[in-house]
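Number of protein chains: 2
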Amino acid sequence: MGLTIDGKFIANNIKKDIIKKVEYLREKGNIPTLAIVRLGDNPGDISYEKSIIKLCSDVNIDTKKFVFDNDISTKELQQILGQLNEDTSISGILLFRPLPEHIDENLIRNSINLNKDVDCMHPLNLEKIFEGDYSGFTPCTSKAALLAILNSGIELDGKTVAVINRSMVVGKPLAMMLLSNNATVTICHSKTHDLRKITKSSDIVVTALGRAKYFNKDYFTNESIVIDVGVSQDKNGKLSGDVDFEDVVNNVRMITPVPGGVGSITTCVLLENVVKACMKEAVLI
Amino acid sequence: MGLTIDGKFIANNIKKDIIKKVEYLREKGNIPTLAIVRLGDNPGDISYEKSIIKLCSDVNIDTKKFVFDNDISTKELQQILGQLNEDTSISGILLFRPLPEHIDENLIRNSINLNKDVDCMHPLNLEKIFEGDYSGFTPCTSKAALLAILNSGIELDGKTVAVINRSMVVGKPLAMMLLSNNATVTICHSKTHDLRKITKSSDIVVTALGRAKYFNKDYFTNESIVIDVGVSQDKNGKLSGDVDFEDVVNNVRMITPVPGGVGSITTCVLLENVVKACMKEAVLI
Numbered sequence: 178m179g180l181t182i183d184g185k186f187i188a189n190n191i192k193k194d195i196i197k198k199v200e201y202l203r204e205k206g207n208i209p210t211l212a213i214v215r216l217g218d219n220p221g222d223i224s225y226e227k228s229i230i231k232l233c234s235d236v237n238i239d240t241k242k243f244v245f246d247n248d249i250s251t252k253e254l255q256q257i258l259g260q261l262n263e264d265t266s267i268s269g270i271l272l273f274r275p276l277p278e279h280i281d282e283n284l285i286r287n288s289i290n291l292n293k294d295v296d297c298m299h300p301l302n303l304e305k306i307f308e309g310d311y312s313g314f315t316p317c318t319s320k321a322a323l324l325a326i327l328n329s330g331i332e333l334d335g336k337t338v339a340v341i342n343r344s345m346v347v348g349k350p351l352a353m354m355l356l357s358n359n360a361t362v363t364i365c366h367s368k369t370h371d372l373r374k375i376t377k378s379s380d381i382v383v384t385a386l387g388r389a390k391y392f393n394k395d396y397f398t399n400e401s402i403v404i405d406v407g408v409s410q411d412k413n414g415k416l417s418g419d420v421d422f423e424d425v426v427n428n429v430r431m432i433t434p435v436p437g438g439v440g441s442i443t444t445c446v447l448l449e450n451v452v453k454a455c456m457k458e459a460v461l462i
Numbered sequence: 178m179g180l181t182i183d184g185k186f187i188a189n190n191i192k193k194d195i196i197k198k199v200e201y202l203r204e205k206g207n208i209p210t211l212a213i214v215r216l217g218d219n220p221g222d223i224s225y226e227k228s229i230i231k232l233c234s235d236v237n238i239d240t241k242k243f244v245f246d247n248d249i250s251t252k253e254l255q256q257i258l259g260q261l262n263e264d265t266s267i268s269g270i271l272l273f274r275p276l277p278e279h280i281d282e283n284l285i286r287n288s289i290n291l292n293k294d295v296d297c298m299h300p301l302n303l304e305k306i307f308e309g310d311y312s313g314f315t316p317c318t319s320k321a322a323l324l325a326i327l328n329s330g331i332e333l334d335g336k337t338v339a340v341i342n343r344s345m346v347v348g349k350p351l352a353m354m355l356l357s358n359n360a361t362v363t364i365c366h367s368k369t370h371d372l373r374k375i376t377k378s379s380d381i382v383v384t385a386l387g388r389a390k391y392f393n394k395d396y397f398t399n400e401s402i403v404i405d406v407g408v409s410q411d412k413n414g415k416l417s418g419d420v421d422f423e424d425v426v427n428n429v430r431m432i433t434p435v436p437g438g439v440g441s442i443t444t445c446v447l448l449e450n451v452v453k454a455c456m457k458e459a460v461l462i
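If you're matching them up, the sequences are chains A and B in order. When we follow the numbering used here, the leftmost residue of the first sequence carries the number 178, and every step to the right adds one. When we follow the numbering used here, the leftmost residue of the second sequence carries the number 178, and every step to the right adds one.
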C-alpha cells in the first residue's frame, strides 16, 4: 500500500509557523497585509479570493480587496499598482491572472514593487529563481510541489525527477528549485515521446497536465513518488488530479491526492510570501 | 564511423550571413560597433580579445577597446558603462568576466543597457531566455551548442537531450532553448547519480564539465549525438574536450571535436548579437 502524502497536514504545519511569525511581526508593530486586486467577477476568482481571505484570517494576516471592472486600462491598473507600491500599510500584492486580453501584462508585471511581489510576477523575481537565488519570492504552485516532496522525508539530493510541465507558473521554476536541491531534472511536455519510459525510470514524478486521471499505474513503479499538481474535473464532474489515484495508490511508494495534496499547500506559500514581504518592509530580513 | 560536426563550417556560414547584414546596416549609415571592456591584463582575456577583434574585422564590425586597472571600483565601472550606454556610436558592450572579487557583479550587470547587452549579462535578458522569449540576446556558449545541433540536420522536436551543466552561462539557458525547440531536457550535474544511464538513454548529450576526456565510449550508443562544450588541457597539455574524441568518434552517430566544434561557433554568436544590437539601435527590428 503506497503512502498518501497529506497536503493538509503539511499546510497546517506551515500555518503554525506563519502564525508565530505574524505574532512576532505584530509585536514589533508590523501588520502583514495582503492587497488582493481582482478585475471583473469571474466565479473562480471570487471563490479563490474567499479562500485566501479565510486563510489569511486564520493566521492573522490582514487583507484589503481592490476590485475593478474588467475594462480597466493598462495605464489605470499601473496607477493602482503604483499606489499600492507606495502604501506602507500593504505588505504584498496579489493580482489575479489571467488578465483581460487588452491589458499589457508585461507592463503590469514590471509595475509591481519587487519587494511586494508575493505571487512572483516580476521578471526580476523570476530571474532570481532561474539563478537559484531565493532572496525574492517563489511562484506558489512550484514551491508547493517542492514542499510536498521535502516534507515527506524524501532526500532530493541525487534523485531523478520528471517534471511534466514547462510553464512559467509551474514547471520551469520548479525545475530550477529541484536543481538547487541537487536533483537531476527532466522537463517533459506535450511533445515528449515515450513519456512512460521517462516516468518509470524517474524516482519522483511531478505532473501538471490538467488532464483528469491521465496517468494510470502503468506509468509508475512500486518505488515511484508521485506529486500531482493537476486539477481538473473527471467525466463525472468530480475534482481530479492528473493521476488515476485509485489505480495508482497501491502501486507506488508515495502519492499526493487531489484534493488534499499540493493544492492545499499552495495558498500557504502565498501567505509565507506575505510574511516575507512584511519582514522585508520591516528590514528584519 | 561517426560524423564529425564541423564547427568551423557552421561558423563560416554564420559569418557569411553576418557580413551581408553588416553591409546592409552600413549602407543605411549604421556601423555595428562592439565595445570591449577589459579589466587588468589576464593573458586569457587578452588572447580572447585579440580573436574577437580579428573576427570582427573579418565581418566588418568595428571594435573599441576600453582597458582599465583591476582595482577599478564598482562605481567607476558603472560610470564607464553609463557612458557606453549613452554613446550612440556603440552598438554592443562586452565586459570580460569573471570580474575582480571586490566588484559588485550584480550592480554591474544591472548597469548595462538592455539593448547593448550582447553577452546577455543583464537579469532581464536572462529572464527572457527563461521564458522562451528571444527578443533580447542569447548567452553565446549556450546558443553555440544549440546551433551545433540545429546546423547538423538534427530535428530537435521530440528528442531527448541530456545537458551536463547547470550554470547560468551554459546549462540552464541551453536547457530553456532546447525546451523552446520541443526537446525533452534532462539537466545533470556533479550530484547526478548514474550519469552513464542518462547519457546512454538520451538522443543527444551536451557536456560542459571542463574535465578533459572524462567521457569514453561507454557513455554513449551508436545513435548518440555528442555536443562537447568542455575545453580544458589533457595530461599532455593538449587542448581537449570533455569527451575522449578518439575513443568515441567511431562509436556514435555524430560528435563535435575540440577544438573546431562549439568553441568555433561561440564568438560568431557574439557577433550576431552585435548585429542584432545595431539593428535594435537603428529600429530595424
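Cβ coordinates follow ideal geometry from the N, Cα and C atoms, glycine included.
Span separating the alpha-carbon of residue i from that of residue j
i, j, result
"K198/A", "K457/A", "13 Å"
"I306/A", "T398/B", "35 Å"
"I267/A", "T251/A", "21 Å"
"A389/B", "T210/B", "36 Å"
"M345/A", "D380/B", "26 Å"
"K349/A", "N342/A", "8 Å"
"D294/B", "A454/B", "8 Å"
"G437/B", "E282/B", "32 Å"
"G335/A", "D310/A", "20 Å"
"L216/B", "Y225/B", "13 Å"
"V446/A", "V382/B", "36 Å"
"E204/A", "C233/A", "18 Å"
"H366/A", "I326/B", "20 Å"
"L276/B", "M431/B", "36 Å"
"R373/A", "A339/A", "11 Å"
Residue i: first and last residue of the uninterrupted beta strand (DSSP E) it sits in
i, result
"G269/B", "G269 to L272"
"A339/B", "T337 to I341"
"L461/B", "Element bounds for L461/B: n/a, residue is neither H nor E."
"K412/B", "Careful: K412/B lies outside any beta strand (DSSP E) and carries neither H nor E."
"T240/A", "D239 to F245"
"C233/A", "It is not in any beta strand (DSSP E) - C233/A instead sits in the alpha helix (DSSP H) that spans P220 to D235."
"T361/A", "T361 to C365"
"I381/A", "I381 to T384"
"I404/B", "I402 to D405"
Environment of residue i [buried if 16+ CB atoms lie within 10 Å]
i, result
"T363/A", "buried"
"G206/B", "exposed"
"T200/B", "The amino acid at residue 200/B is misidentified as Thr; the sequence shows Glu. The residue in question, E200/B, is exposed, as its Cβ has fewer than 16 Cβ neighbours within 10 Å."
"P316/A", "buried"
"D482/B", "Residue 482/B cannot be examined here, being either before or after the span of chain B that is shown, 178 to 462."
"K320/B", "buried"
"L296/A", "The residue you asked about is not Leu; residue 296/A is Asp in the sequence shown. Buried, by the Cβ-count rule."
"F422/B", "buried"
"L313/B", "According to the sequence provided, residue 313/B is Gly. The question's Leu does not apply to it. Buried, since its Cβ has 16 or more Cβ neighbours within 10 Å."
"T433/A", "buried"
"V460/B", "exposed"
"T369/B", "buried"
"N393/B", "exposed"
"N427/B", "exposed"
"E304/B", "buried"
"S228/A", "exposed"
Beta-carbon proximity of residue i to residue j, cut-off 7 Å
i, j, result
"D405/A", "T384/A", "yes"
"T337/A", "T361/A", "yes"
"G418/B", "V429/B", "no"
"L489/A", "G407/A", "Missing from the structure shown is residue 489/A; chain A here goes from 178 to 462 and no further."
"D222/A", "F273/A", "yes"
"T318/A", "T444/A", "no"
"K193/A", "A212/A", "no"
"M354/B", "L323/B", "yes"
"I270/A", "L261/A", "yes"
"I195/A", "V452/A", "yes"
Cβ shell of residue i (< 8 Å), same chain only, five flanking positions each side left out
i, result
"G259/A", "S288"
Spatial neighbours of residue i in its chain, beta-carbon cut-off 6 Å, leaving aside the 5 residues before and after
i, result
"V214/B", "F243 and L272"
Contact set for residue i: own chain, Cβ-Cβ below 7 Å, skip 5 residues either direction
i, result
"S441/B", "G184, K185 and A188"
"H299/B", "R286, N287, I289 and L291"
"Y391/B", "D419"
"S409/A", "G387, R388, A389 and S417"
"L448/A", "I195, L232, C233, V236 and I238"
Range covered by the alpha helix (DSSP H) that runs through residue i
i, result
"I210/B", "Checking the sequence, you will find Thr at residue 210/B rather than Ile. Looking at the DSSP string, T210/B is not in any alpha helix (DSSP H); the run it does join, the beta strand (DSSP E), is T210 to L216."
"D419/B", "That residue, D419/B, is in no alpha helix (DSSP H); it is neither H nor E in DSSP."
"D194/A", "G184 to E204"
"I375/A", "L372 to K377"
"G437/A", "Unbroken run through G437/A: none, as it is neither H nor E."
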